[in-house]
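Chemist: Taking numbering that gives the first Met the number 0, the leading residue of the sequence shown gets 0, the next gets one more, and so forth.
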Amino acid sequence: MIYRIFTFVSMLEDKNTSRTQLSDLGEFGLIDHLTKHFNVTQNSTKYAIGDDAAVLDLEENKCLLTTDLLVEGVHFDLSYVPLKHLGYKAVMVNLSDVYAMNATATQITVSIAVSNRFPLEALEELYAGIKTAADIYKVDLVGGDTTSSTTGLLISITAVGQAKAEDIVYRNGAKENDLLVVTGDLGAAYLGLQVLEREKEVYKVNPNSQPDLEQYSYLIERQLKPEARKDISSLLKALDVKPTSMIDISDGLSSEIMHLCDRSNVGAHLYENKIPLDPTVIATCEEFNLNSTTVALNGGEDYELLFTIPQDDYPKIKANPNLTIIGHITDKGQGAALITRANEKIALQAQGWNPIKENN
Ligand code: ADP
Ligand code: MG
0 MIYRIFTFVS
10 MLEDKNTSRT
20 QLSDLGEFGL
30 IDHLTKHFNV
40 TQNSTKYAIG
50 DDAAVLDLEE
60 NKCLLTTDLL
70 VEGVHFDLSY
80 VPLKHLGYKA
90 VMVNLSDVYA
100 MNATATQITV
110 SIAVSNRFPL
120 EALEELYAGI
130 KTAADIYKVD
140 LVGGDTTSST
150 TGLLISITAV
160 GQAKAEDIVY
170 RNGAKENDLL
180 VVTGDLGAAY
190 LGLQVLEREK
200 EVYKVNPNSQ
210 PDLEQYSYLI
220 ERQLKPEARK
230 DISSLLKALD
240 VKPTSMIDIS
250 DGLSSEIMHL
260 CDRSNVGAHL
270 YENKIPLDPT
280 VIATCEEFNL
290 NSTTVALNGG
300 EDYELLFTIP
310 QDDYPKIKAN
320 PNLTIIGHIT
330 DKGQGAALIT
340 RANEKIALQA
350 QGWNPIKENN
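Here is the structure:
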């Protein structure tokens, strides 16, 4: 893990590693080189890469479409994000949006803009991560676009999903008294980023330092290699539970609860003592002098799912280790609020990442 974190720095700067200029292959040679190992596994993919457009046949299912754009220097920093991880994560971010609709992800397109700072070997790494994600999550790569950029790397991925119309879960269906449920645990990805940022500063001063990041491996993995919750849709189906509303946690629990409340025209009470935190998160918050509740509320990039279910379904989910009930839906007049351990009610705010430090 430690070695891999800083390999890209050496790939760009180390004159000894093999560097093939992208211009040596030409655009079509490059596309072919990067995509030739991808296999089509979905029945709905009728034609993938190689024509002007891909052809899909979704039969009686509805088609879901979602896209994300990642920009170097804004969404990722290549001094500590290995390109293979970046490719994997770029796919996860999109699949997470499809799963948040209670749908199955089936195809992706990948568009990239790259400068001549990137050798072919760098793009091979990026596509190796994309392929790993596509293989594990069973989505077909069916197209994309390739162009040049003057400086950095841009990646845009579009995901196609399918679902029966009656299975799709929107943000707008939460009802008063519904239970508010979250998958997994929160805050780890944000702390992973804090650890990596800190190590980057150390590395700048002393490139030969060998940081021991073992104790943070869970946090770093959650930041660099998140897993979208493909399993939740089938888990809920098996439990015979259909959420009334659902969203994925990309910007932080606080802002996602506010989105659900906004779209559903309701309020919510979130209980501070119910928020699921990994022990590493609690320990690292102490070390960084951060409030773990603030980190879970505003950290983001957890890619867990947040959903609401009717109270009557409580017995069906109560024993499941993947699911934590963190609150309930109220009438709109109550607003979206955190009930603290001291039983104080505080209005939730959509803060995103940056204000976290300023609040402490
Ligand atoms: P067009 O000129 O019609 O945009 P391209 O020459 O850009 O077509 O692309 C040729 C084929 O390769 C198309 O099927 C396209 O979807 C696919 N493709 C192009 N770039 C990428 C990429 N970066 N990743 C995956 N597929 C790509
Ligand atoms: Mg094109």
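Ideal Cβ placement from N, Cα and C applies to all residues, glycine included.
With distances taken from CA atoms, which of 252, 258, 45 is nearest residue 276?
Modeler: 252
Chemist: Per DSSP, residue 306 forms a beta bridge with which residues?
Modeler: 180, 245
Chemist: Cβ-heavy atom distance between residue 157 and ligand 1 below 7 Å?
Modeler: Checking every heavy atom of ligand 1 against the Cβ of residue 157, none is found closer than 7 Å.
Chemist: Is the closest heavy atom of ligand 1 to the C-beta of residue 48 under 7 Å?
Modeler: Correct: residue 48 has its Cβ closer than 7 Å to ligand 1.
Chemist: Exposed or buried, residue 344, counting other C-beta atoms within 10 Å across all chains shown (16 or more means buried)?
Modeler: So residue 344 ends up on the exposed side.
Chemist: Quick check: the segment 184 to 200 against the segment 276 to 296, are there 3 or more CB pairs under 8 Å?
Modeler: yes
Chemist: Quick one: what's got a C-beta closer than 6 Å to residue 123's C-beta in the same chain, skipping five residues either side?
Modeler: none
Chemist: Note down the Cα distance separating residue 215 from residue 208, rounded to an integer number of angstroms.
Modeler: 17 Å
Chemist: Residue 237 and residue 98 look like a contact to me (Cβ under 8 Å); what is the Cβ gap, rounded to whole Å?
Modeler: With 8 Å as the limit, residue 237 and residue 98 do not qualify as a contact, their Cβ atoms being about 15 Å apart.
Chemist: Below 7 Å, is the gap between the Cβ of residue 139 and the nearest heavy atom of ligand 1?
Modeler: No; taking the cut-off as 7 Å, the Cβ of residue 139 has no heavy atom of ligand 1 nearer than that.
Chemist: Check this for me: beta carbons of residue 111 and residue 66, under 8 Å apart or not?
Modeler: The criterion of a C-beta distance shorter than 8 Å is not satisfied by residue 111 and residue 66.
Chemist: What residues in its chain sit with their C-beta under 8 Å from that of residue 321, if we drop five residues either side in the sequence?
Modeler: Correct list, in chain order: 182, 183, 230, 231, 234.
Chemist: Determine the DSSP secondary structure at residue 239, reduced to helix, strand or coil.
Modeler: coil
Chemist: Does the Cβ of residue 63 lie closer than 7 Å to at least one heavy atom of ligand 1?
Modeler: no
Chemist: Would you mind listing the beta strand (DSSP E) stretches within the segment 160 to 210 that are 3+ residues and don't spill past its ends, in chain order?
Modeler: Entirely contained in the segment 160 to 210, the beta strand (DSSP E) runs reaching 3 residues are, in chain order, 178 to 182.
Chemist: Is residue 83 helix, strand or coil by DSSP?
Modeler: helix
Chemist: Would you kindly report the start and end of the unbroken beta strand (DSSP E) that includes residue 141?
Modeler: 139 to 147
Chemist: Sorry if obvious, but does the Cβ on residue 147 come closer than 7 Å to a heavy atom of ligand 1?
Modeler: no
Chemist: Buried or exposed: where does residue 125 fall if 16 or more other Cβ atoms within 10 Å of its Cβ makes it buried?
Modeler: buried
Chemist: Can you find the residues in the same chain that come closer than 7 Å, C-beta to C-beta, to residue 178, ignoring five residues on each side of it along the sequence?
Modeler: 307, 308, 310, 313, 324, 327
Chemist: Nearer than 7 Å: is that true of the beta carbon of residue 304 relative to any heavy atom of ligand 1?
Modeler: no
Chemist: Does the structure place the segment 129 to 139 close enough to the segment 84 to 104 that three or more beta carbon pairs sit under 8 Å?
Modeler: yes
Chemist: Run through DSSP, which three-state label would residue 346 get?
Modeler: strand
Chemist: Per DSSP, residue 41 forms a beta bridge with which residues?
Modeler: Looking at the DSSP assignment, residue 41 forms no beta bridge with any residue, so it has no partner.
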